[in-house]
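So for the sequence shown, full-length UniProt numbering puts the first residue at 1; every next one is plus one. A short worksheet on the structure shown next.
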Amino acid sequence: MSARRSRLLRVTALALTLSPAALASAQERTGPRASPPPLPAYPQASPGLPSEPQRTAPETPPAGPGVPLREIRVAVEGPAGDPRPPSGWRPPEAQGFRLDHRPDERLDEAWVRRQFELNGLPGPSGGVAQALALVQLINRAYLGAGFINSGVVVRPAARPGELELRVLYGGLSASAPGAAPLEVTWAGGAKGLTERYVRERMPAAFQRPLSAFDLERDFRLLAEDPALRTVNAELRPGSRPGEASLGVRLVPQDRYDLYVTAANNRSPTVGGERLAVAGSVRNVLVAGSVLSAEAGWTEGVEDISLNYSTPFLSPRTTLSIRGAYNNAAVIDTPLVPLDIEARDRSVEVGLTRKLVDVPLLPTGEPGRWASARTLSTGVLVIHREGKTFLLGEPFSFSPGSVRGRSKYTAIRAVGDYVVRNVDQVMAVSITGTMGLDGTRSDIPGLATPKQTFMALLAQVNYARRLSDDGLELRARLSGQVANSILYSGERFSAGGETTVRGYRENLILADNGLVGSVEIARPLSFARGQARSGGFTWDAFTVSAFADGAYVRNDRPPHPKREIYSVGASLAWTPSEALSARVTYGHALNKVELFGSKDLQDDGLQVRIVLRPLKLLR
Numbered sequence: 001m002s003a004r005r006s007r008l009l010r011v012t013a014l015a016l017t018l019s020p021a022a023l024a025s026a027q028e029r030t031g032p033r034a035s036p037p038p039l040p041a042y043p044q045a046s047p048g049l050p051s052e053p054q055r056t057a058p059e060t061p062p063a064g065p066g067v068p069l070r071e072i073r074v075a076v077e078g079p080a081g082d083p084r085p086p087s088g089w090r091p092p093e094a095q096g097f098r099l100d101h102r103p104d105e106r107l108d109e110a111w112v113r114r115q116f117e118l119n120g121l122p123g124p125s126g127g128v129a130q131a132l133a134l135v136q137l138i139n140r141a142y143l144g145a146g147f148i149n150s151g152v153v154v155r156p157a158a159r160p161g162e163l164e165l166r167v168l169y170g171g172l173s174a175s176a177p178g179a180a181p182l183e184v185t186w187a188g189g190a191k192g193l194t195e196r197y198v199r200e201r202m203p204a205a206f207q208r209p210l211s212a213f214d215l216e217r218d219f220r221l222l223a224e225d226p227a228l229r230t231v232n233a234e235l236r237p238g239s240r241p242g243e244a245s246l247g248v249r250l251v252p253q254d255r256y257d258l259y260v261t262a263a264n265n266r267s268p269t270v271g272g273e274r275l276a277v278a279g280s281v282r283n284v285l286v287a288g289s290v291l292s293a294e295a296g297w298t299e300g301v302e303d304i305s306l307n308y309s310t311p312f313l314s315p316r317t318t319l320s321i322r323g324a325y326n327n328a329a330v331i332d333t334p335l336v337p338l339d340i341e342a343r344d345r346s347v348e349v350g351l352t353r354k355l356v357d358v359p360l361l362p363t364g365e366p367g368r369w370a371s372a373r374t375l376s377t378g379v380l381v382i383h384r385e386g387k388t389f390l391l392g393e394p395f396s397f398s399p400g401s402v403r404g405r406s407k408y409t410a411i412r413a414v415g416d417y418v419v420r421n422v423d424q425v426m427a428v429s430i431t432g433t434m435g436l437d438g439t440r441s442d443i444p445g446l447a448t449p450k451q452t453f454m455a456l457l458a459q460v461n462y463a464r465r466l467s468d469d470g471l472e473l474r475a476r477l478s479g480q481v482a483n484s485i486l487y488s489g490e491r492f493s494a495g496g497e498t499t500v501r502g503y504r505e506n507l508i509l510a511d512n513g514l515v516g517s518v519e520i521a522r523p524l525s526f527a528r529g530q531a532r533s534g535g536f537t538w539d540a541f542t543v544s545a546f547a548d549g550a551y552v553r554n555d556r557p558p559h560p561k562r563e564i565y566s567v568g569a570s571l572a573w574t575p576s577e578a579l580s581a582r583v584t585y586g587h588a589l590n591k592v593e594l595f596g597s598k599d600l601q602d603d604g605l606q607v608r609i610v611l612r613p614l615k616l617l618r
């Protein structure tokens, strides 16, 4: 290979660090800035709703023994409902009586009549006392099925020996005239949220009969809502059987947030040290929405991104809109005379829908919990345009460029699955991308992506607590396959703090690849005695050791170095939610030839500091 051609390939490789996604500042699902889905926090084993009120279950009046029973009349009193018990429910047992339940059978008046017939009532050997004892057992069945203020009550009969039974389907009622059945109060103000926002997320509160199981599920999901900081509830008995009221007191999340981040997480070609300022505002236009923006600077790059997400038509559906703009220039001293620049902009719009949303729930065994699970799916459409310049004139560096300009439109089908328990969490993300339209290269010999390219990216993030003292295993894996060469914004990246530490950011871009990491982390305290003051825990350190690796390949030549791997250690400091810092050293085990400027990343050292000023004012 001639020296001139080798030099041109190196210049092209450096220019590719200006690729759209390589410069993006916000988290993207694909491309050089994609990383495994954020690992959610371990869920808190909270007690949930308070115990059901003693007076919510209908009571039955006593009756003297020996009174013969000639007739039993059963009817529904009050509003009708759909009393289907939860799957797997079985009625209680009692000596001398038997209750029966068929699959998918409703606990309605027909079911109540069948229980009396099953126990031979009315009959020659059964009196009113036996019937009332059976009523008590039936009410225990309603309670066991979660219908805490539903059941059977006895009404006065016209003649002796007759039993008038009424089935009540309980629900919520106002605790006072003019009050709502579900009372919502805010601690410190609503901060843009509304009572409707809360009620839409607690549909079980308006069901009849009222189910404690469904109500607790909604309460726990509400407590995990990112728009809320804390949720407290009080379930109170009503003045009459079948009535109850529910009060919910909420503390919303802070409406405004601000981040300042400093890190050496960009390619030295465009300036490795990046300073970023980001902010977010909650409940803009719609309760539960979030508007966020970020602006970042390196010596050669200016970038900005804007994001807006909002509930759409349903609490389970989210509309998201994202836009980004980047302006970059190569600052490597040998390449400065070439005046290499790039400009990029992108827009992404999508809808996602939660198909499964189950909170952490007690299993009935002490210390054991059923995992929280979330399954979401959605569709996104992205349009990206980029321009590259050499000596002030348009010039094609990347696949698909035409006179220095590339653009494409693609559709993504996405799926996310999250499982959380008190001792382990896992997040899985799958993204399938198909091109709809795009430019094709006008330079002979320069690879051109298919306009209808297809790529599949799978990402997994996992953590597990190994001991009570905080020892934790962390693992992540990302892999992408494509049916052709890809546009720069869709290529798989290896190298940097979110892929293979010990190498510079976006060291390798390829069409196909696999990145994995295993890490052991443990909290570490350097202080003796009290280390907390002014809301800060000054000795809140976490030390970890890791091993990272990647294998990549292109759909066609030229092929980059296919394997990189490293080992290293990291020290994180998180004295409060307002301040965090991390220092990471990775030792590259497979050296890669570098051209141009070098910095601390190439020596394996990476630093990140995050400050949230508004949290200091809390």
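Every residue, glycine too, gets a C-beta built ideally from N, C-alpha and C.
Is the distance from the Cβ of residue i to the Cβ of residue j below 9 Å?
i, j, result
"Ala-262", "Ala-278", "no"
"Pro-523", "Leu-486", "no"
"Arg-384", "Ser-346", "yes"
"Lys-407", "Gly-438", "yes"
"Arg-562", "Arg-553", "yes"
"Leu-215", "Leu-235", "yes"
"Phe-116", "Leu-210", "no"
"Leu-477", "Ile-520", "no"
"Leu-335", "Thr-269", "yes"
"Ala-329", "Ile-321", "no"
"Arg-612", "Ala-578", "yes"
"Arg-29", "Val-414", "yes"
"Ser-376", "Val-419", "no"
"Arg-98", "Leu-118", "yes"
Should residue i be labelled buried (16 or more other beta-carbon atoms within 10 Å of its own) or exposed?
i, result
"Lys-591", "exposed"
"Arg-501", "buried"
"Tyr-142", "buried"
"Asp-511", "buried"
"Ala-158", "exposed"
"Gln-44", "exposed"
"Ala-26", "Legend: pLDDT at Ala-26 = 44, less than 50; position of this residue unreliable, no value from coordinates given."
"Glu-593", "exposed"
"residue 621", "The chain is shown only over 1 to 618; residue 621 falls outside these bounds and no answer can be derived."
"Ile-72", "buried"
"Val-112", "buried"
"Ala-176", "exposed"
"Thr-318", "buried"
"Tyr-565", "buried"
Taking the alpha carbon of residue i as the reference point, which residue from the options has its own alpha carbon closest?
i, options, result
"Leu-163", "Leu-132, Ile-138, Thr-298 and Pro-177", "Leu-132"
"Gly-364", "Arg-343, Gly-144, Leu-611 and Leu-355", "Gly-144"
"Val-135", "Asp-599, Glu-105, Pro-103 and Leu-168", "Leu-168"
"Val-422", "Arg-464, Phe-526 and Arg-159", "Arg-464"
"Ser-280", "Asn-265, Ala-34 and Tyr-259", "Tyr-259"
"Ile-331", "Leu-456, Met-454, Thr-298 and Arg-229", "Thr-298"
"residue 631", "Ala-342, Ile-411 and Gly-96", "Nothing can be reported for residue 631, as the shown portion of the chain is limited to 1 through 618."
"Trp-573", "Val-543, Pro-203, Arg-249 and Ser-46", "Val-543"
"Leu-509", "Pro-83, Thr-584 and Pro-560", "Pro-560"
"Arg-121", "Arg-618, Glu-348, Leu-514 and Leu-69", "Note on identity: in this sequence residue 121 is Leu, with Arg being the wrong assignment. That would be Leu-69, whose Cα lies nearest to the Cα of Leu-121."
"Asp-82", "Asp-100, Glu-105, Arg-90 and Gly-88", "Glu-105"
Pull up the DSSP beta-bridge partners for residue i, would you.
i, result
"Asn-307", "Ser-292 and Arg-322"
"Gly-435", "Ala-410"
"Phe-389", "Glu-341 and Pro-394"
"Ile-609", "Ala-262 and Ala-581"
"Arg-155", "Glu-164"
"Gly-171", "Glu-243"
"Met-454", "Met-434"
"Met-426", "Val-419 and Tyr-462"
"Gly-549", "Gly-516 and Tyr-565"
"Leu-115", "The question names Leu, but residue 115 is Gln in the sequence shown. Paired residues: none, contrary to the question."
Work out the CA separation of residue j and residue i for me, nearest whole Å.
i, j, result
"Gly-238", "Gly-151", "15 Å"
"Lys-191", "Pro-311", "17 Å"
"Val-74", "Ile-138", "13 Å"
"Ser-289", "Val-567", "41 Å"
"Gln-424", "Leu-466", "9 Å"
"Gln-54", "Arg-353", "Its pLDDT being 43, under 50, Gln-54 is placed unreliably by the model, and the measurement read from it follows with that caveat. Computed Cα separation, rounded: 39 Å."
"Gln-451", "Ile-382", "14 Å"
"Leu-614", "Asn-283", "17 Å"
"Gly-64", "Leu-172", "Bear in mind that the predicted position of Gly-64 carries a pLDDT of just 48, short of 50, making it too unreliable to give a figure here."
"Phe-546", "Ile-430", "25 Å"
Hey, does residue i have any beta-carbon neighbour from chain C nearer than 9 Å?
i, result
"Ser-396", "No chain C appears in this structure, which consists of one protein chain only."
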